[in-house]
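Trainee:
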Amino acid sequence: MPRFIKKKKQEIGLSPDDLLFRGKKKTNEVVLRIIDFDENTLEEDALKIVKEVLKYSEKDTVTWLNVDGLHNAAIMREIAETFDLDTLVLAEVMHTQARPRVIEYDNCILITIKMMQQNENSGQIVVENLSLILTGSVLISFQEKKGDVFEPVRERIRKQKKRIRHGGTDYLVFALLDIVIDNYLYVLSVLGEKIETLEDNLLINPNELVINEINNYKRELNFLRKSIKPAKEMVFVLAKMDSDLINESTYVHFKELEDNISQASEVSDSYREILSDQLNIYHTTISSKLNDVMKFLTVFSVIFIPLTFIAGIYGTNFDVLPELHYQYSYFIMLGVMVVVAIGMLFYFKRNKWL
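Note that our numbering numbers the sequence shown so that position 99 is 1102, with each residue one more than the last.
1) Report buried or exposed for Gly1338, applying the criterion of at least 16 other Cβ atoms within 10 angstroms of its Cβ.
2) Considering just the uninterrupted stretch of the beta strand (DSSP E) at Ile1231, what are its terminal residues?
3) Mind checking which residues open and close the beta strand (DSSP E) that includes Glu1131?
4) Does Arg1036 come out as helix, strand or coil in the three-state DSSP assignment?
5) Looking only at its chain, what residues have a beta carbon closer than 7 Å to the beta carbon of Asp1071, apart from the 5 residues adjacent to it on each side?
6) Would you check if the distance between the CB atom of Ile1277 and the CB atom of Pro1209 is smaller than 8 Å?
7) Here's the rule I'm using: 16 or more other beta-carbon atoms within 10 Å means buried, otherwise exposed. How should Gly1346 be labelled?
8) State buried or exposed for Glu1046, treating a residue as buried only when at least 16 other CB atoms are found within 10 Å of its CB.
9) Excluding sequence positions up to five away, which residues of its chain have a Cβ less than 8 Å from the Cβ of Lys1012?
10) Looking only at its chain, what residues have a beta carbon closer than 7 Å to the beta carbon of Ser1137, apart from the 5 residues adjacent to it on each side?
11) Comparing C-alpha positions only, which one of Ile1037, Leu1133, Phe1153 sits nearest to Thr1064?
12) In terms of residues, what are the limits of the beta strand (DSSP E) holding Val1105?
13) Which whole-angstrom value describes the C-beta separation of Met1336 and Tyr1350, a residue pair presumed to lie in contact below a C-beta threshold of 8 Å?
14) Please list the terminal residues of the continuous alpha helix (DSSP H) segment that includes Val1056.
15) Please classify Glu1199 as buried or exposed, where buried requires at least 16 other C-beta atoms within 10 Å of its C-beta.
16) For Gly1170, count the other beta carbons within 10 Å of its own beta carbon; 16 or more makes it buried, fewer makes it exposed. Which is it?
17) Output needed for Arg1353: all residues of its chain with C-beta closer than 6 Å, excluding positions within five of it in sequence on either side, in chain order.
18) For Ala1178, which of Leu1260, Ser1252, Asp1280 has the nearest alpha-carbon?
19) Identify whether Thr1099 lies in helix, strand or coil by the three-state DSSP scheme.
20) Would you mind stating whether Gln1377 and Leu1188 have Cβ atoms separated by less than 8 Å?
21) From Glu1236 to Leu1212, what does the alpha carbon distance come to, in whole angstroms?
22) Is the beta carbon of Leu1194 less than 8 Å from the beta carbon of Arg1275?
23) For Thr1066, report the span of its beta strand (DSSP E) as first-last.
24) Would you kindly report the start and end of the unbroken alpha helix (DSSP H) that includes Ile1313?
25) Kindly identify the DSSP beta-bridge partner or partners of Glu1046.
26) For Lys1117, write down the residues that DSSP places opposite it in a beta bridge.
27) My guess is that Ile1128 and Val1183 are in contact by the Cβ rule of under 8 Å, so how many angstroms apart are they, rounded?
28) For a test of the three-state rule: what should DSSP assign to Phe1177, helix, strand or coil?
29) Please report the straight-line C-alpha distance between Ala1077 and Asn1204, rounded to a whole angstrom.
30) Cα separation between Lys1051 and Leu1282?
31) Can you tell which of Phe1040, Asn1219, His1286 has the C-alpha that lies nearest to the C-alpha of Val1156?
32) Consult DSSP for Ser1144 and reduce its assignment to one of helix, strand or coil.
33) Please list the terminal residues of the continuous alpha helix (DSSP H) segment that includes Phe1351.
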């Protein structure tokens, strides 16, 4: 399976505005949810058809339509017709492998970014594509499946005194992007704790399990960086965009997003360097242990060289050896060997070779 790009054969030759779902289907049904609010009123509802949103969008309120499920081309076409959107915009939404970016069209702004969260049970990092379409008083968010990181934003909307109730759809865009980026930092912090714990284990007991963990964390971090780096570029473009759909006061908040996404990018770079350092430490430690083993074997061999020499002399087949028939020759030879061995050990110890 290709690691960096996934292109199906049936996609080749299609028009860019063809409403074809590109990605892995993560839900069977498409769910439409609406939150409509202003400073004094709030309505939440589940919609059966897209046209029901018109009774909200025609009012002077902020309307947030959330769509769970991107695979239904008929619903996507209905959204395009309801909000007078080019089908090219919805085709971009249905392309879940698209790079995070921001595109300004005649009557809307399209923002795509990767939304990630930590699975509470498995601890696995789950990433899905998030698209936002800003059209005046209506914000449409598209997710691949049910479940997201936006519940804190919904809770803020439900509280009348919160600032989000006084902002427009552009401020709502900021709030959603802000919590997405906050989750980048949270996921990185969880991964960072594991990496730092691994560093302690590496110094205590470097083994194959540790090196496997290092490689696993490197894969996870590279996976995160593939989402964070393009998101950083997207946020910087958004913060500098001159659009009638974004109030001047909201650009100040987009600058905050720049700081947060830059921090996430820097943290991911730092952990990448730490993992590289850990890999170097592992190889250095293993090499040092190997050197110690080789040093021991070398010293052991050097000690036995003179002992082997002595034994070799008295193991020859000559008939005349002065000490051969002496009563204590054997014990004298053993004594000489012991003295030589002890002397060499003392010499090695004094020179700190042992």
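Where is the CB? At the ideal position from N, CA and C, for every residue including glycine. All of these numbers come straight from a predicted model, not from anything done at the bench.
Mentor: Per the coordinate set shown:
1) Stepping through the sequence shown from its first residue, residue 1338 is reached at position 335. Label assigned to Gly1338: exposed.
2) Indexing the sequence shown from 1 puts residue 1231 at position 228. Counting along the chain, Ile1231 sits inside no beta strand (DSSP E); it lies in the alpha helix (DSSP H) bounded by residues 1211-1242.
3) Numbered from its first residue, the sequence shown carries residue 1131 at position 128. Where Glu1131 is concerned, the enclosing beta strand (DSSP E) stretches over 1128-1138.
4) Translated into the one-based positions of the sequence shown, residue 1036 becomes position 33. Three-state DSSP puts Arg1036 in a strand.
5) If you number the sequence shown from 1, residue 1071 lands on position 68. In the same chain as Asp1071, and ignoring 5 residues on each side of it, the C-beta atoms closer than 7 Å to its own belong to Thr1030, Val1033, Val1034, Gln1146, Lys1148, Lys1149, in chain order.
6) Your numbering for residue 1277 matches position 274 in the sequence shown. Your numbering for residue 1209 matches position 206 in the sequence shown. Cβ atoms of Ile1277 and Pro1209: not closer than 8 Å.
7) Within the sequence shown, numbered from 1, the residue matching residue 1346 stands at position 343. Counting Cβ neighbours within 10 Å, Gly1346 comes out exposed, since fewer than 16 surround it.
8) On the sequence shown, residue 1046 is found 43 positions in, with the first residue counted as 1. With fewer than 16 other Cβ atoms within 10 Å, it is exposed.
9) What you label residue 1012 is simply residue 9 of the sequence shown in a count that begins at 1. For Lys1012, the pLDDT reaches just 48, beneath the cut-off of 50, and the residue's location in the model is therefore unreliable, although a value from the coordinates is still provided. Around Lys1012: no qualifying Cβ.
10) Residue 1137 sits at position 134 when you count from the first residue of the sequence shown. For the sequence presented, residue 1137 should be read as Leu rather than Ser. If we look at Leu1137 and ignore the five residues flanking it on each side, its Cβ neighbours are Cys1111, Ile1112, Thr1172, Asp1173, Val1176, Leu1248.
11) Numbered from its first residue, the sequence shown carries residue 1064 at position 61. The closest CA to that of Thr1064, considering only Ile1037, Leu1133, Phe1153, is found on Ile1037.
12) As a first step, residue 1105 is located in the sequence shown; it is residue number 102 there, counting from the start. Per DSSP, the unbroken beta strand (DSSP E) holding Val1105 starts and ends at 1104-1107.
13) Here residue 1336 corresponds to residue number 333 of the sequence shown, with the count starting at 1. Here residue 1350 corresponds to residue number 347 of the sequence shown, with the count starting at 1. Not really, about 21 Å apart at Cβ, beyond 8 Å.
14) Position 53 of the sequence shown, counting from 1, holds the residue named residue 1056. Where Val1056 is concerned, there is no enclosing alpha helix (DSSP H), given that its DSSP letter is neither H nor E.
15) By one-based count along the sequence shown, residue 1199 stands at place 196. Under the 10 Å beta carbon count, Glu1199 is surrounded by fewer than 16 other beta carbons and is classified as exposed.
16) In the sequence shown, the residue the question calls residue 1170 occupies position 167. Taking all protein chains in view, the Cβ of Gly1170 is crowded by 16 or more other Cβ atoms within 10 Å, so the residue is classified as buried.
17) Taking the sequence shown and counting its residues from 1, the one referred to as residue 1353 is at position 350. So the list is empty, once near-sequence residues are dropped.
18) Sequence index remark: in the sequence shown, residue 1178 carries index 175 (1-based). The residue with the shortest Cα to Cα distance from Ala1178 is Leu1260.
19) Mapped onto the sequence shown, residue 1099 falls at position 96. The DSSP-derived three-state label of Thr1099 is coil.
20) Shown here, the chain extends from 1004 to 1357; a query on residue 1377 therefore has no answer.
21) Taking the sequence shown and counting its residues from 1, the one referred to as residue 1236 is at position 233. Taking the sequence shown and counting its residues from 1, the one referred to as residue 1212 is at position 209. Using only the alpha carbons, I get a separation of about 37 Å.
22) Numbered from 1 along the sequence shown, position 191 holds the residue referred to as residue 1194. Numbered from 1 along the sequence shown, position 272 holds the residue referred to as residue 1275. No, the pair does not count as a contact, with Cβ atoms beyond the cut-off.
23) Taking the first residue of the sequence shown as position 1, residue 1066 is located at position 63. Its beta strand (DSSP E) spans residues 1065-1071.
24) By one-based count along the sequence shown, residue 1313 stands at place 310. Counting along the chain, Ile1313 sits inside the alpha helix (DSSP H) bounded by residues 1251-1316.
25) On the sequence shown, position 43 is the one that residue 1046 refers to. For Glu1046, which the question treats as bridged, DSSP gives the partners Asp1039.
26) Here residue 1117 refers to the residue found at position 114 of the sequence shown. According to DSSP, residue pairing for Lys1117 in a beta bridge involves Asn1132.
27) In the sequence shown, residue 1128 corresponds to position 125, counting from 1. In the sequence shown, residue 1183 corresponds to position 180, counting from 1. Not a contact, Cβ separation roughly 14 Å.
28) Counting from one through the sequence shown, the residue named residue 1177 turns up at place 174. Of the three classes helix, strand and coil, the one that applies to Phe1177 here is helix, per DSSP.
29) Within the sequence shown, residue 1077 is the residue found at index 74, counting from 1. Within the sequence shown, residue 1204 is the residue found at index 201, counting from 1. Cα to Cα, Ala1077 sits roughly 54 Å from Asn1204.
30) Here residue 1051 refers to the residue found at position 48 when the sequence shown is read from its first residue. Here residue 1282 refers to the residue found at position 279 when the sequence shown is read from its first residue. Counting only the Cα atoms, Leu1282 lies some 54 Å from Lys1051.
31) Reading the sequence shown from its first residue, position 153 is the one you call residue 1156. Here the closest residue by C-alpha is Phe1040.
32) Taking the first residue of the sequence shown as 1, we reach residue 1144 at position 141. In the structure shown, Ser1144 falls within a strand segment according to DSSP collapsed to helix, strand and coil.
33) Locating residue 1351 in the sequence shown gives position 348, counting from the first residue. Start and end: 1332-1353.
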